[in-house]
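The structure appears right after this line, and notes come after that.
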Amino acid sequence: MLATSDGWRLSVLTLDGGMFCGRLADVPLDAGPAEARAAAAAMVVGFARDVHDVRVDVTWDPPREPGSWTGHVTVAAPPPKASG
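Each residue of the sequence shown is one higher than the last, beginning at 73 in our numbering.
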């Protein structure tokens, strides 16, 4: 996640080589890092639940440089077993 003059931007990299990039549209330009991290984490958690039917946790590394954060997504609960 990166703070820019036009808003908070993020990139999500997947284990299989996919990538999603975009802006946190519902986060005001003057929002602080904690609000932006919470919004980004909520977006990823919702996506994992809705698309993959799995619960995930998002943790954040301390920033290596001002205005930039790296988060890690881990599976909190495995998807339910398919019956049949």
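Glycine residues also receive a C-beta, built at the ideal position from the N, C-alpha and C atoms.
Using a Cβ distance threshold of 7 Å, L82 and M73 count as a contacting pair. Residues of the same chain with their beta carbon placed closer than 6 Å to that of G104 are lacking, with the five preceding and five following residues left out of the count.
Secondary structure at V99: coil, using DSSP grouped into helix, strand and coil. C-alpha of W141 to C-alpha of K153: approximately 34 Å in a straight line. DSSP lists T76 as the bridge partner or partners of G79. Residues T146, A148 of the same chain have their beta carbon placed closer than 7 Å to that of D129, with the five preceding and five following residues left out of the count. A direct Cα-to-Cα measurement between V99 and E107 gives close to 8 Å. Counting only residues of its own chain and dropping the five nearest sequence neighbours on each side, M91 has a CB closer than 8 Å to the CB of S83, V84, L85.
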